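Below: the structure, in structure tokens.
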Amino acid sequence: GQLVYYGPLGQHSSKVIEYFESIPGVPKIQKNCNPATWMLDITCKSAEEKLGIDFAQVYKDSTLYKENKMVVEQLSSASPGSEPLSFPSRFSQTGWGQLKACLWKQHCSYWRNPSHNLTRIVFIFLSSTLCGLLFWQKAKDINNQQDLFSIFGSMYTLVIFSGINNCATVMNFIATERNVFYRERFARMYSSWAYSFSQILVEVPYSLLQALLCTTIVYPMIGYQMSVYKMFWSLYSIFCSLLIFNYCG
């Protein structure tokens, strides 16, 4: 596109209206008409062809254009005796400030993206329930080595498939965020380490929720020994496994 006006708006866009109405052939604005709508209507391509006016050329020939160009040239040149622009640090915020900003940004992104988080939470809920039903109270009836391997395999399969699902679903989310990250990093809004560390931290509560769901459903349904110590280690191992898969994605 081309610029057709750059200047003050004025009270109720009075300056804009005055500028365009001063051009010969431009119809006056109707009463109670939105100035923005009126300006777009008269400067569109079909209106220009009908009126025989090139608004971009009219603006370039105007006094307003010359005044704006002089202001740009004045502001573009350094004042006499001034020193080159420099900043005391690469980023405007400290490392802690960058981390807090990135962590809050990641939290908002995750919270406003239920299609990503609800999918993996629902998946682990359904898969845990299915695993518990298939191996109902099997841990209380272990008679041979095959029974033991079946119990171990049930938890292993559940965690592996849930982790793979997490790894697959997080890729689309990260691919979208990556474009924003490149743009904001080149603008020196924050450093790479602050962004990376915030992504590590934001995954912790969601993975912990998944691990809690899995443990509270599968552990009693399969019939493992109800010990706080053993339940904690089961929760810890599932939590760490899910985190590893998330970070791989």
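With full-length UniProt numbering as the guide, the letters of the sequence shown map in order to residues 1 to 249. The beta-carbon is built from N, C-alpha and C at its ideal position, and this holds for glycine as well. Just so it is clear, the structure is predicted and the values come from calculations on it, not from any experiment.
**Message:** Check this for me: beta carbons of residue 110 and residue 180, under 8 Å apart or not?
**Reply:** Here residue 110 refers to the residue found at position 110 of the sequence shown. Here residue 180 refers to the residue found at position 180 of the sequence shown. No; because the gap between Cβ atoms is not below 8 Å, this pair is not in contact.
**Request:** In the DSSP assignment, find the unbroken alpha helix (DSSP H) run with residue 63 in it and report its ends.
**Result:** One-based indexing of the sequence shown puts residue 63 at position 63. Where residue 63 is concerned, the enclosing alpha helix (DSSP H) stretches over 63-76.
**Asked** Okay, do the region 47-61 and the region 31-39 touch, 3+ Cβ pairs below 8 Å being the bar?
**Response** no
**residue 120, buried or exposed, once every other Cβ within 10 Å from all chains shown has been counted against 16** = Against the sequence shown, residue 120 aligns to sequence position 120. Buried, by the Cβ-count rule.
**Asked** Quick one: is residue 102 buried, meaning 16 or more other Cβ sit within 10 Å of its Cβ, or exposed?
**Response** Working through the sequence shown from its first residue, we reach residue 102 at position 102. Flag for residue 102 reads buried.
**Asked** Going by beta carbon distance, what residues of the same chain come within less than 7 Å of residue 165, once the five residues before and after it are set aside?
**Response** The sequence position of residue 165 within the sequence shown is 165, counting from 1. So the list reads 120 and 123, once near-sequence residues are dropped.
**Request:** Taking residue 47 as part of the alpha helix (DSSP H), name the residues at either end of that continuous run.
**Result:** Taking the sequence shown and counting its residues from 1, one reaches residue 47 at position 47. From DSSP, the alpha helix (DSSP H) with residue 47 extends over 45-51.
**Message:** Can you check which of these residues, 118, 76 and 207, is closest to residue 163 by C-alpha distance?
**Reply:** For this step, residue 163 is matched to residue 163 along the sequence shown. The shortest C-alpha separation from residue 163 is found at 207.
**Which of helix, strand or coil DSSP assigns to residue 96** = Position 96 of the sequence shown, counted from the start, is the residue given in the question as residue 96. The answer is helix: DSSP assigns residue 96 an H, G or I state.
**Prompt:** How do the region 185-198 and the region 137-155 stand: do at least 3 beta-carbon pairs fall below 8 Å, yes or no?
**Reply:** no
**Request:** Count the other C-beta atoms from every protein chain shown that fall within 10 angstroms of the C-beta of residue 244, then say buried if there are 16 or more, exposed otherwise.
**Result:** Here the question's residue 244 lines up with position 244 in the sequence shown. Answer is exposed; the Cβ neighbour count stays below 16.
**Item:** First and last residue of the uninterrupted alpha helix (DSSP H) at residue 240
**Value:** Counting from one through the sequence shown, the residue named residue 240 turns up at place 240. Start and end: 228-248.
**Request:** Could you work out which residue in 233, 167 and 104 is closest to residue 116 when comparing CA atoms only?
**Result:** Walking along the sequence shown from the start, residue 116 turns up at place 116. With distances taken between Cα atoms, residue 116 lies closest to 167.
**Prompt:** Nearest CA to the CA of residue 173: which residue from 114, 220 and 6?
**Reply:** Your numbering for residue 173 matches position 173 in the sequence shown. If we check each option's Cα against that of residue 173, 114 comes out closest.
**Request:** Could you name the residues of the same chain whose beta carbon sits closer than 8 Å to that of residue 107, not counting the 5 residues immediately before and after it, in chain order?
**Result:** As a first step, residue 107 is located in the sequence shown; it is residue number 107 there, counting from the start. If we look at residue 107 and ignore the five residues flanking it on each side, its Cβ neighbours are 202.
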